[in-house]
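Structure, as structure tokens:
Residue numbers (our numbering), protein chains in the order written: chain V, 457 to 703; chain U, 457 to 703; chain S, 457 to 703; chain X, 457 to 703; chain W, 457 to 703; chain A, 457 to 703; chain F, 457 to 703; chain B, 457 to 703.
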């Protein structure tokens, strides 16, 4: 909307010809692109600091490509999460510059932002938690964060944790990822003085209820300074951690 | 039952030869057709305003066809929901006039009723909620309602909602469809002065529990004027909305 | 905000001296009154059709009085729900015109709106559901609706329901209130052709889980045309019903 | 155990050479046959009135055949529930006299017991509930009960129920089978003066939670005289009903 | 309604002056008495075999008295359950013939029906289950059943059960009442050949969830012939048992 | 039962005059005392290794005294758990030798059994867990176990745990008691080579669900060698631990 | 521990006279004070950045005082949360410098740390959420953070939120506190580019399940950058926010 | 780490050149081997009494082989649980000495430890519980325990249990494995004087909730001396039982 059009619109409000509400709506219509099956949010980066991330689950490869193309006109890099290898194959044809991170199930289009000096430590209890951790790591790296991976240091062999404690303590923000009973978050939380974001995973059996047990453990932690995201939500943890790491 | 048979029956009641109860049962038997595997309800339209709708899940294509044929003798159009493309293929052979709405997974046999002037607005939070929205839209249109679709205006990019607010406010009744945390229902509810029917969807991950989280969000909304239907029940929302829209 | 101030503000937007956003916020500040512990919403009636209703639970009598006084400057009548007899005693001193409806636990300040010709039928399964029904009834009457009460017609003695069916069928919208297993909603839903709003109540014992069982029954009803509100939420049901009844 | 062995054993107890406990265990060993993977209970019929029924789920066809052969030496007919068509194919080869009831997923080996004069009414809400109903019906018939089937009379079209009420009222015991919200049990319970056994089914969608909603509805019924069995447990309902019908 | 009035009414139906439905409603109105706060069901005994039982919880003493007086005109004895000692005090003044059973929290007005020869065995796991058992026992006795009490024979000391097994086996129907883990129902169910109604109680601690654990145990019993009622519902178990015992 | 009576009884079985079952029941009747409201289990110690423990909750002081007196004739010491100070006051009058442990809410009548050399370590996460720990400690000491208390060593300050690790490692069996998220069990389990019994406590807030969260944490522990008892069940943990410690 | 003692200890490890483990334990014992009922953690500030906070619930006033006195020797200010007015009265006598924040139910002993320039915005949906918000605010202020309170801006009157958006956007970290359906977190999350910590509150009725519904809403938010703490845990949110604000 | 290196390290601590913490970490690094995707815990046997067991679910055959090879350098035998036949095929090629136990789904590499004289009794309710029982049995045997299998003795035919009671009573520790309602644990618990570890299984249908019902039954058992492990966790039960059996 050029300046003149804006002045005109506001004049109409002032004259009572247009309601303030309608004028506002009119302004807002500039901030997204309707591509039929979706309204791509072009103001997201301005409003939230990061461009819209494409959540790949439940979207076809074609839809991912179309949204990516709209976003490309405004921003880079573009991140798509929960992308299966099959979908990536189809995306790759349309967008040859797309890169795939298999374990993270993420696709990145465009160069990652320059890395911070401070880093995010990503800590897992077991090897089964690694896919969630990698989703977090790729998200963080794409958004310009240095990342340190500290994997498989669960409390069943707590000496492994102590051996890596210096790396964890050196981070600006720590992500702890654990399934089963999720006790690692409390233990790490009691040993550091940085914000800790806990991610429960759906790893486990018996009564872990798809990660609910680990989630409840983390929410009820006796250690302070812990906040929690949804089960298996490595992306969400990294998104918040990146905001903190860039402060 | 012709008049004479009716008189006879009642005479028997008056004489004490037939109990009032048996007579009533006798009358009731006229109101449905027993086709072996089902009692097709012929009085539904008279009693409820709309003919029986065929719920396709768990029924074979043959059963759908047989029920449709009984209903056809009394009413039109006939709506069948939750019909897979495979089942529709088989239905189409027996009932060539049947039309299929792929995204809605609905089949309609016969012409839709004439449209109302007032319309129902169907609003979704995301693109993944569209199948439920289309089930609602096709149901509403089949039952003679004008429909306005307002899709992908969730609160993560709330300016998209404000840009379409005039369409929503112009409706006689609004259906809001959202998965994940379902917050859109509360936000829309706080902005309109028309009845709002909220439909939680099973879209989400982690602890959305197949739509239960969105359902609970909608039931506990801080905004007034919101009523709720079951998870993914686009049909049910449209059925109630149609009743309201025809008042 | 007088017209000149408005013009000035918009001019600043046009000049780029004020962002559109700040201007919008400035306009929005006119629409509520900050009384320290609450922001009383003065635009509610314009936006939602009804003025803000005071939810009395968790508010002191003093807070109720203060909010009521702000609202009184703009609207009448004012409704406060979930008001205990003790609180009402204190409210009555400050606002002598306030009237108390004991069974409904509601207070009304000012004359009810003129009644509609069409009516809302409020149906309960048992006598224990009456307090919730009365909350609905007083809400509806305050908002200008004619109400017909059909109480204690639960399915354990279904002939009581049939005896009152004509009254129920004559309504423009029906509210069904039931605890225990909540089956009444399905039965009534199968017999009428008007919108039905179901209210589960927390009445019951054993595994009724404070109304959750009745809620789930109502959400899963095999009858169509039923929408549901939260447990014991007579107010919410009446609010929606009133919107429908006034269409 | 012949009489002499018994006397000897007891003499040992009297002499203190064998403890009473060991003697009792020795006696108990006569009452079942250890076939390696199972201890077939030969005293079941004496103790419980009916021979052991083979629960087919989780057993191989070979295991079903082996158990059936042990039972055949003592009793007839033999009933196996939850038998898939594939398993039945294999069973049929080893036991050619075996008969299969497809909808009920039951196999019967041997002639059903002579039928009672009084009958069990089996009532379903919908057509989707029929497989559970047929499991109940075949069980009841195998155990020597006359059965009346009253299917698809759910409360959404309640006149269908009233039209069949005389058949239901004539039964000695009534089984009501319903999914979704399960309201039919309450309605029938309010209309009859015979024991009613309610069976919730897993039929439904949204928040029916695999039958849990119907189960809770039935347990919380406002009508008296209703007892409940587990979700989809047609067999269990028929077993109890048969006990009652034979009193 | 006398015969003439009936004839007249039916004549109107035959003439088309009155619809069959309205006539039916008219007939139905004879079957209950509207006393303002309740519709007392006068046809319950004819329909269900037993007169309406007054559920005392949530009713005032005055309401209990009023309902009892209406029922007294038609039936005897009258049973009121869940009556606190305080309420009974007030009931006693108005109805001096009322008798109170303290442990059962039941009031009976009028002489119990003559006892059956066959008896109902009421079995409890512990002493804490006795109040529920007594509610069952008084209900059964009031409805004319002989009762045998077998209390405190839980599986922690299973020899106590075996010592009373002959009494249990001699019953026509058995009620088993247990809290905590509710295992007694399965054990008794495996030892008898009569219908068994299981009542979970809310007795327990930790994760018994107000009786839900015992309820689930009983519903999932590996023994056949068990049906279940709601938590603490001694009355409901006895009601069904009485129906069975009178067959 | 003297020897002669026993011989006679068995002779009757051998002769077929008495069934083996009746004879067994006759023998079993010797093993408990019926005191009206309870069947005191006199064979418990022989069968289970420990005499019956009186669960004080839900029993009156009089009942506790009566049961204690029956038990006193056979065994010592007698333990009663969940005894409020008020009840103890009344018990003390009847049984002056009774001692009260206030924090544990336990009463002991008679001298504790001689202590083992090996000991049970009882470890708590916080000070709020101490009442449960003391119930465990008094139970263990009464049953003849040496106990080491290691309290308030939760993972929020994990150095406190390491400082006491030698005491924990020296035990023959370890009880870990924790509320909130219950992570301590996993950490201790990873550090010792002895059986560990975990007790979740109801200490916490928000979503600890009365101890359910800690319970689930402990059941899902990534460390091996952990078994779990019910929420707040200090007694049960000590009972099992005592069995293990006496092996 | 002076340097000489340290050298001696390590020499013993080097010689094999003391194990490394025992030496470590010895060192760790310096880091807390055992005051009988609690091990006060003196290394918490060094390890976690903040001294131990006293959780007042379940502690007596005497215990609070004793712990505070130990902490006072090392640090200031000291914060105690969940302190009732009654307990504070007793604390005040022993520690006259203690100050009480009634709405927050917090006690502070000693001067708050110097305030940051950047601030934490604390946003609530309603007035009922204010006690949780004040617990957060007092915690944050005690730990040296500037705080901006933005109360009662829930989505039912969303214009109130937009009017305060500039204050929220100006914060370094935002805490959003909401009960009922908790939708405010998603809406704010969609509008800002700073870390957001969401606190569900137990405010609500019907099926809000003590805050669980709001908790699930927040965990499933469609907006990114949101992490969550336990229900009503204002303290925990402020603790994390303070860590972030001090980065 | 050789002695000289150790001395040097400690000297540095004594001089203040290295912190005690860093020194400790340095020592801890010796206790595990980082093989990229996992940190194999080499100190497990020393710390916990048994070497690390490989949990096969979610690991590839290659990962199992690699971990096994690291462990082989230190210990024997090596146990891997939850290994599918397909995975075992691949493992067998790399480790020809590996043996597979099909029903238990376990692989053992190396000779089992010498058997104890005392034995563990493993008791199941049904034949469907046998896979869990075999996982327990193979675990126990691999860890050097004599095992007695007592299968299919559930309470529906309780005489089967009594016939094997002597074997159960002769054990040093008893594992009871049951699905459905899990009542067997309580019954066995009431009959023995040895520690009992209960394992709920996911066997059942209807409302057994994947084993949750049996789990809750076992946790709430009225019999003492019972501790519980997670659903289907035969390995965990055997691990604890082995610890007890070796005392």
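The C-beta atom is built at its ideal place from N, Cα and C for all residues, glycine as well.
Residue 565/U has its alpha-carbon roughly 6 Å from the corresponding atom of residue 555/U. Contact annotation: the segment 532-552 of chain S touches the segment 507-522 of chain S, with at least three C-beta pairs closer than 8 Å.
Residue 647/S reaches chain X at 614, counting residues in chain order whose Cβ is nearer than 8 Å. Residue environment: residue 622/A is assigned as exposed (fewer than 16 neighbouring CB atoms within 10 Å of its CB, all protein chains considered). Beta-bridge partners assigned by DSSP to residue 616/X: none are found. One finds nothing in chain B with a Cβ atom closer than 8 Å to the Cβ of residue 487/A; even the nearest lies about 12 Å away. Setting aside the 5 residues that flank it on each side, residue 515/W has no residue in the same chain whose C-beta is closer than 6 Å to its C-beta.
Counted as a single uninterrupted DSSP element, the stretch harbouring residue 693/U is not any beta strand (DSSP E) but the alpha helix (DSSP H) occupying residues 690-701. The closest CA to that of residue 692/X, considering only 583/X, 589/X, 676/X, is found on 589/X. Taking a 10 Å sphere around the C-beta of residue 658/F, we find 16 or more other C-beta atoms and assign the residue as buried. Residue 503/B carries a helical assignment under DSSP once its states are collapsed to helix, strand and coil. Residue environment for residue 567/X: exposed (fewer than 16 other C-beta atoms within 10 angstroms of its C-beta). For residue 528/X, the enclosing alpha helix (DSSP H) stretches over residues 517-528. Within the same chain, 575, 576, 578, 593, 596, 597 come within 7 Å of residue 603/U by CB-CB distance, once the 5 residues on both sides are set aside. In this chain, residue 538/W is not harboured by any alpha helix (DSSP H), its DSSP state being neither H nor E. When DSSP assignments are scanned along the segment 624-669 of chain U, the uninterrupted stretches of beta strand (DSSP E) that are 3 or more residues long and fall wholly within it turn out to be 629-634, 652-656. Residue 517/B and residue 543/B do touch by the CB rule: their CB atoms are close to 5 Å apart, below 8 Å. Against chain B, the beta carbon of residue 642/A has no neighbour under 7 Å; the closest one sits roughly 12 Å away. Residues of the segment 534-565 of chain B with a C-beta less than 9 Å from any C-beta of chain V: 538, listed in chain order. Of 697/F, 646/F, 546/F, the smallest CA-CA separation from residue 600/F is found for 697/F. The three-state reading of DSSP puts residue 609/S in coil, since its state is none of H, G, I, E or B. In terms of Cβ geometry, residue 617/V and residue 655/V do not form a close pair [threshold 8 Å]. Cβ contact annotation for residue 701/V (same chain, cutoff 7 Å, sequence separation greater than five): 572, 574, 576, 601, 628, 629, in chain order.
Counted as a single uninterrupted DSSP element, the alpha helix (DSSP H) harbouring residue 594/S occupies residues 586-598. Rounded to whole angstroms, residue 626/B and residue 488/A show a C-alpha spacing of 24 Å. If you draw a straight line from the Cα of residue 689/U to the Cα of residue 632/U, it comes to about 12 Å.
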